[in-house]
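>
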Amino acid sequence: MAYYDLAVQEKAFEEKKFLKIAGFMGWHGIGKAVIVKSFEQAKELEKNFHSFVEEQNNLKIFSCAVLKLNSAGELKKCIKTLRERVLLLAVYGGEYELNRTACCDSRVDFLLHPYLERKDCGVDEYCLKKAKENEIAIGITLHYILNVHRKHRIALLQNIAELLRLCHELHVSVIACSFASSYFELRDPRAIASLLNVLGYELGKAIEAVSAIPEFIIEKNLKILSGKAPVRGVEVISDEE
Amino acid sequence: MKSKPKILPPSLRTRKRYIVFKVIGEKKLEFEEISNAIYGSLLEFAGELNTALARIWIIRDLWQEEKQLGILRCLHTAVELVRASMLLIDRIGDSRVAFRILGVSGTIKGAKRKFLEQKILEKF
């Protein structure tokens, strides 16, 4: 079984040991997440993305953009600019308006931590139904769990548990990623699955959250971006005439 | 000499699992530091009751300080909880750390053979 961490912060890749430790931890592929904070930055970054997949130290590295914006309008513009340039497009959640916009846009691949800095899980039934319809996964990130303590961690875990319960009820895909900024924040995939399991998610589905579902997203996007699947539900099997 | 109760028959013994782990840290850590960190994280994450029910035993004799490898025993029902609480350890003292769980085994012998690559001489 291959394990994929779809969002690891770009600055973690600057550390020499990072790729070695990621391999040792058991990951097969990692998404190199560039955080986009404005439309101007998105336009600049558009030219920097050269390939969708690279291979280093037996690890596949996927191009990924995480859109961390303040308004829904700007978010939509950035999605339009970057969608065809990166393999994985994620939205940095937290604000309800942004969570909802992300869930309603089928060009988005996953919504990261919609529960961040909130007293609830950040999404409602409508958002999750839309996420299911548009095949958008909900991303649980480890970075913020590791960097908060005591009552803040309790609040965060409580929100994650609620989100996992809703995702299970409404059949929405869940992925788990580290969103690490250093190799000390990397963990082995099976331990991340254990955390989801302890928070009330089925163990089988928790393991899929770090293996099958990320793999499905990557394969789906590779097909779409290479032109093999031009429209949703249509796939070009052979080019021969 | 204190008298001890008789050893329970296998059918009455609890089912255990041995978790083999490696610590990746900024510096080499001693057994006491690792042990305190694991118990601290478990107490914080799972609480006193669940920590007690997990029946944790971190095996001092099997701690390899050079390789930073260790073995921990717990009940078979507590494996996921122990894994999750070990994942939450990010710092021991001043040193940043990450735990990598190499695997889980039903016996110490199996854990050594599979994950610590120790050869069992009985077979020769």
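So the protein lines, in turn, are chains A and V.
Just so you know, the working numbering puts 28 at position 28 of the first sequence, and the rest follows in order with no gaps.
Converting from the second sequence to the working numbering requires adding 1000 to each position, the first position being numbered 1.
All residues carry an ideal CB built from backbone N, CA and C; glycine is no exception.
Taking Leu-134(A) and Ser-106(A) to be in contact with their CB atoms under 8 Å, please state how far apart those CB atoms are, rounded to whole angstroms.
This sequence places Asn at residue 134(A); Leu is not what is there. Rounded, the Cβ-Cβ distance is 4 Å, consistent with contact.
> Look at the alpha carbon of Val-210(A) and the alpha carbon of Met-1086(V), and state the distance between them as a whole number of angstroms.
Those two C-alpha atoms are separated by around 18 Å.
> In the DSSP assignment, find the unbroken alpha helix (DSSP H) run with Tyr-115(A) in it and report its ends.
Run containing Tyr-115(A): none; DSSP gives neither H nor E here.
> If we count the other Cβ atoms within 10 Å of its Cβ and call it buried at 16 or more, is Ser-1011(V) buried or exposed?
Exposed, by the Cβ-count rule.
> With a threshold of 7 Å between beta-carbons, can Leu-244(A) be considered close to chain V, or not?
A question about residue 244(A) goes unanswered here, because the residues of chain A that appear run from 1 up to 241.
> Please tell me whether Arg-1096(V) has its Cβ less than 7 Å away from any Cβ of chain A.
Judged by the 7 Å Cβ criterion, Arg-1096(V) is in contact with chain A.
> If you follow the alpha helix (DSSP H) that Ser-1085(V) is in, where does it begin and where does it stop?
1079 to 1087 is the span of the alpha helix (DSSP H), which, as asked, contains Ser-1085(V).
> So Gln-1064(V) and Val-1023(V) are supposed to be a Cβ contact under 8 Å. How far apart are they, rounded?
Not quite, the Cβ-Cβ distance comes to about 10 Å (not below 8 Å), so this is no contact.
> Kindly indicate the opening and closing residues of the alpha helix (DSSP H) around Gly-1025(V).
It is not in any alpha helix (DSSP H) - Gly-1025(V) instead sits in the beta strand (DSSP E) that spans 1016 to 1025.
> So that I know if they touch, is there some Cβ in chain A lying closer than 7 Å to that of Ile-1101(V)?
It does; some Cβ of chain A falls within 7 Å.
> Distance check for Tyr-201(A) and Ile-1061(V), CA to CA, integer angstroms please.
In the sequence as displayed, the identity of residue 1061(V) is Asp instead of Ile. Rounded to whole angstroms, Asp-1061(V) to Tyr-201(A) spans 36 Å at the Cα level.
> Using a Cβ-Cβ cut-off of less than 9 Å, list which residues of the stretch 185 to 200 of chain A approach chain V; keep chain order.
Taking 9 Å as the Cβ-Cβ cut-off against chain V, the residues of the stretch 185 to 200 of chain A that qualify are Glu-185, Leu-186, Arg-187, Asp-188, Arg-190, Ala-191, Ile-192, Ala-193, Ser-194, Leu-195, Leu-196, Asn-197, Val-198 and Leu-199.
> Which chain A residues sit within Cβ distance under 8 Å of Glu-1048(V)?
Here the premise fails: no neighbours, minimum Cβ distance about 16 Å.
> Straight-line CA distance for Ala-176(A) to Leu-142(A)?
When rounded, the distance between both Cα atoms is 8 Å.
> Quick check: is the beta carbon of Ala-1084(V) nearer than 7 Å to any beta carbon in chain A?
Yes - at least one Cβ of chain A is within 7 Å of the one on Ala-1084(V).
> Of the choices Val-8(A), Asn-147(A), His-28(A) and Glu-10(A), whose alpha-carbon is the least far from that of Ala-2(A)?
Nearest of Val-8(A), Asn-147(A), His-28(A) and Glu-10(A) to Ala-2(A), Cα basis: His-28(A).
> Could you check what DSSP says for Gln-1068(V) in three-state terms: helix, strand or coil?
Here Gln-1068(V) sits in coil by DSSP.
> Based on the DSSP secondary-structure assignment, which residues constitute the bridge partners of Lys-32(A)?
For Lys-32(A), which the question treats as bridged, DSSP gives the partners Val-8(A) and Ser-63(A).
> May I ask which residues mark the beginning and end of the alpha helix (DSSP H) holding Thr-1107(V)?
That residue, Thr-1107(V), is in no alpha helix (DSSP H); it is neither H nor E in DSSP.
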